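Q: This structure is in structure tokens; I'll ask about it shortly.
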Ligand SMILES: [Zn+2]
């Protein structure tokens, strides 16, 4: 019960003041019993988590599957228990005051531009294409059929409730598979490059267009956040550039070449260059990233 007022306070604070980055969330809404899925222990003793067993106050000792060992020197700050479609999950938040802040250490010339899209998930300025993997697309197809099964069945029926449970499990599988793909793609990019330039995406604006479904599916927002955090933790850099005209502008001479969304090639009438439109966009993104990064470095030098 202590949890409820805390959550309400946090919800109002996020709405009125925003989080630590000043990002504001939407207005707090009524939450039904079914939407209350997480509770947190604000204090926890490290000894209560040992040998794949966790002791929770008022609940007792429960067996857990440990996905990652607690690294040495860390204290467990809080413990949250969340109910998900396929079971209960325990999240431990750790505290270590010895972690140093990471100083950026990157080669500004080792930069790549990436164009995120619906056909290929990512096209890089080096003409590398990363498509969403087959297993992810397969999982998404299964999700759709589970969804259809739910809508076919009568509301309130036992069979429908069972189908809903299966759908929830399928949803979780897709989400897990997608986040895994996003982590892998991030890792591969940061292994090769020090700086990644991306378009500042207006996902909310895009999601209102007819591409809404595919945009939410691809989960670009999640991918960009993972990329941002991972780059920062490695002392590397992600730079978000102004997206205006990146697909129209010619990457070799700068002339604007009008094209419709269905036109997959960029053919410049001025300098006669001809290349795939996504690659052309990725090169433009890289060039703008290089330009913006130089400006950032110059201004930070001036302030010294
Ligand atoms: Zn041109």
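In the numbering used here, the protein residues as written are 265 to 568.
Virtual Cβ for every residue (Gly too), placed ideally from N, Cα, C.
All figures in this text were calculated on a predicted structure; none of them were measured in a lab.
(1) Got a sec: does ligand 1 put a non-hydrogen atom nearer than 6 Å to the Cβ of residue 534?
(2) Report yes if the C-beta of residue 380 is less than 6 Å from at least one heavy atom of ligand 1; otherwise report no.
(3) CB residue 389 to CB residue 494, shorter than 7 Å?
(4) Taking a contact to mean a Cβ-Cβ separation below 7 Å, would you say residue 282 touches residue 291 in this structure?
(5) Considering only the beta carbon of each residue, do residue 491 and residue 502 sit closer than 7 Å?
(6) For residue 271 and residue 426, what's the separation of their Cα atoms in angstroms?
(7) Would you identify the three-state DSSP class for residue 489, choosing helix, strand or coil?
(8) With a threshold of 6 Å, establish whether the CB of residue 579 neighbours any heavy atom of ligand 1.
(9) Which term fits residue 279, buried or exposed, when burial requires 16 or more other beta carbons within 10 angstroms of its beta carbon?
(10) Going by DSSP, what residues sit across from residue 540 in a beta bridge?
(11) Could you give the DSSP three-state label for residue 302: helix, strand or coil?
(12) With hydrogens ignored, establish whether the beta-carbon of residue 514 is closer than 6 Å to any heavy atom of ligand 1.
(13) By the three-class DSSP mapping on this structure, what secondary structure does residue 452 have?
(14) On the DSSP letters alone, give me the boundaries of the alpha helix (DSSP H) that residue 407 sits inside.
(15) Are residue 374 and residue 457 closer than 7 Å when you measure CB to CB?
(16) Should residue 488 go down as buried or exposed, given a rule of 16 or more other Cβ atoms within 10 Å for buried?
(17) Heavy atom of ligand 2 less than 6 Å from the Cβ of residue 537, yes or no?
(18) If contacts are defined as beta-carbon pairs under 8 Å, then residue 419 and residue 346 qualify, I think. What distance do you get, rounded to the angstrom?
(19) By the three-class DSSP mapping on this structure, what secondary structure does residue 545 have?
(20) My output table needs one value for residue 291: the three-state DSSP class, helix, strand or coil.
(21) Going by the beta-carbon positions, is the gap between residue 557 and residue 275 smaller than 7 Å?
(22) Using the Cβ count rule (16 or more neighbours within 10 Å means buried), how would you classify residue 560?
A: The short version:
(1) As a first step, residue 534 must be located in the chain shown, where it is residue number 270. Yes, Cβ of residue 534 sits closer than 6 Å to a heavy atom of ligand 1.
(2) The sequence position of residue 380 within the chain shown is 116, counting from 1. Answer for residue 380: no, Cβ out of range of ligand 1.
(3) Residue mapping note: residue 389 aligns to position 125 of the chain shown, counting from 1. Residue mapping note: residue 494 aligns to position 230 of the chain shown, counting from 1. Going by C-beta atoms, residue 389 is not nearer than 7 Å to residue 494.
(4) Taking the first residue of the chain shown as 1, we reach residue 282 at position 18. Taking the first residue of the chain shown as 1, we reach residue 291 at position 27. Cβ distance not < 7 Å, so residue 282 and residue 291 don't count as in contact.
(5) Looking up residue 491 in the chain shown gives position 227. Looking up residue 502 in the chain shown gives position 238. Closer than 7 Å, so yes.
(6) If you number the chain shown from 1, residue 271 lands on position 7. If you number the chain shown from 1, residue 426 lands on position 162. Distance between the alpha carbons of residue 271 and residue 426 is about 31 Å.
(7) Taking the chain shown and counting its residues from 1, one reaches residue 489 at position 225. Of the three classes helix, strand and coil, the one that applies to residue 489 here is helix, per DSSP.
(8) Because the chain here runs from 265 to 568, residue 579 falls outside it and cannot be looked at.
(9) Here residue 279 is taken as the residue at index 15 of the chain shown, counted from 1. Residue 279 comes out exposed.
(10) One-based indexing of the chain shown puts residue 540 at position 276. Per DSSP, 529.
(11) Reading the chain shown from its first residue, position 38 is the one you call residue 302. Residue 302 falls in the strand class under three-state DSSP.
(12) Taking the first residue of the chain shown as 1, we reach residue 514 at position 250. Yes - ligand 1 has a heavy atom lying nearer than 6 Å to the Cβ of residue 514.
(13) Counting from 1 along the chain shown, the entry for residue 452 is found at position 188. Residue state, collapsed to three classes: helix.
(14) Residue 407 sits at position 143 when you count from the first residue of the chain shown. Segment 398 to 416, the alpha helix (DSSP H) holding residue 407.
(15) Here residue 374 refers to the residue found at position 110 when the chain shown is read from its first residue. Here residue 457 refers to the residue found at position 193 when the chain shown is read from its first residue. In this structure, residue 457 lies closer than 7 Å to residue 374 by Cβ.
(16) Within the chain shown, numbered from 1, the residue matching residue 488 stands at position 224. It is buried - the Cβ of residue 488 has at least 16 other Cβ atoms within 10 Å.
(17) Judged by which ligands are present, ligand 2 is missing from the structure shown, whose ligands are ligand 1.
(18) The residue labelled residue 419 in the question sits at position 155 within the chain shown. The residue labelled residue 346 in the question sits at position 82 within the chain shown. In fact, because the Cβ distance is near 27 Å, the residues do not count as touching under 8 Å.
(19) For the purposes of this step, residue 545 is taken as the residue at position 281 of the chain shown. Helix at residue 545.
(20) Position 27 of the chain shown holds residue 291. Coil at residue 291, not helix or strand.
(21) Stepping through the chain shown from its first residue, residue 557 is reached at position 293. Stepping through the chain shown from its first residue, residue 275 is reached at position 11. In this structure, residue 275 does not lie closer than 7 Å to residue 557 by Cβ.
(22) Within the chain shown, residue 560 is the residue found at index 296, counting from 1. It is exposed - the Cβ of residue 560 has fewer than 16 other Cβ atoms within 10 Å.
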